[in-house]
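Participant: Its first residue numbered 9, the sequence shown is counted upward by one per residue in the numbering used here.
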Amino acid sequence: MALAGTTAAAATLPLALAAPAQAAPSVCHSGARVICVDKDNQRLTLFENGESVFSMAVRFGSEDTPTRNGTFRIFNKEAKHISRIAHVPMPYALFFSGGQAIHYSANFAKQGYNGSSLGCVNTRNLSETKQLFDIAQIGDVVYVYGSIPNYSAYDPRAYD
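(1) What residue does the beta strand (DSSP E) around G63 start on, and which one ends it?
(2) Any heavy atom of the ligand GTP closer than 7 Å to the CB of L52?
(3) State the beta-bridge partners of R41 as determined by DSSP.
(4) Report yes or no: do the segment 95-111 and the segment 55-64 share at least 3 C-beta pairs separated by less than 8 Å?
(5) Along the chain, where does the beta strand (DSSP E) that runs through H77 open and close?
(6) Count the other CB atoms within 10 Å of the CB of D148; is the residue buried (16 or more) or exposed (fewer)?
(7) DSSP three-state label for A109, please.
(8) Cβ atoms of G154 and D72: under 8 Å apart, would you say?
(9) Which of the three DSSP states is assigned to A29 in this structure?
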């Protein structure tokens, strides 16, 4: 059963991935499909036609390798990318700014917030990341905003 205002693919996402209740910036509601990445709350939320479809926990780069803020577009999708810098897999990579991508991170899945990326937006659930990869299209907007979180202040269990 499709949720109102969502695509058939988006409607198959688990109900546990409901978007957060807080208001998102207006840019998140401004297009057919927008992926909003909130550094303050460590959440990625997919919006379609202005409505939140689902949300997932994410982590970011450190102060030394920050994830860039701004409005970007997905310019490349690679299901089986290998990082040229860290030489590690980046499954279901959605590239949006240079080498920065949204992708699954086995390290994030294992270590939680005890670490950071080299600037990418890391996800920790492989099946959720694949679902996002399948829905997202080249040209979709990615909006990254907020500050670099102080990971030591967060309880990782609150973001599962």
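For each residue, glycine too, the CB sits at the ideal point set by N, CA and C. The model shown is predicted, which means the values in this text are computed figures rather than measured ones.
Facilitator: In brief:
(1) On the sequence shown, residue 63 is found 55 positions in, with the first residue counted as 1. Contrary to the premise, residue 63 reads as Ser rather than Gly in this sequence. Taken as a continuous stretch (DSSP letters only), the beta strand (DSSP E) holding S63 covers 59-67.
(2) With respect to the ligand GTP, the structure shown offers nothing to examine, as it has no ligands at all.
(3) Along the sequence shown, one-based indexing puts residue 41 at 33. Per DSSP, E56.
(4) no
(5) Translated into positions along the sequence shown, residue 77 becomes position 69. A small correction: the amino acid at residue 77 is Asn; His does not occupy that position in the sequence shown. Boundaries cannot be given for N77, as no beta strand (DSSP E) includes it and DSSP labels it neither H nor E.
(6) Here the question's residue 148 lines up with position 140 in the sequence shown. Around the Cβ of D148, a 10 Å sphere holds 16 or more other Cβ atoms; the residue is buried.
(7) For this step, residue 109 is matched to residue 101 along the sequence shown. Shown here, A109 sits in a strand according to DSSP, grouped into three states.
(8) To locate residue 72, count along the sequence shown from 1; it is residue 64. To locate residue 154, count along the sequence shown from 1; it is residue 146. Taking 8 Å as the Cβ cut-off, D72 and G154 do not qualify as a contacting pair.
(9) Position 21 of the sequence shown, counted from the start, is the residue given in the question as residue 29. Its pLDDT being 45, under 50, A29 is placed unreliably in this model, and the value from its coordinates should be taken loosely. A29 falls in the coil class under three-state DSSP.
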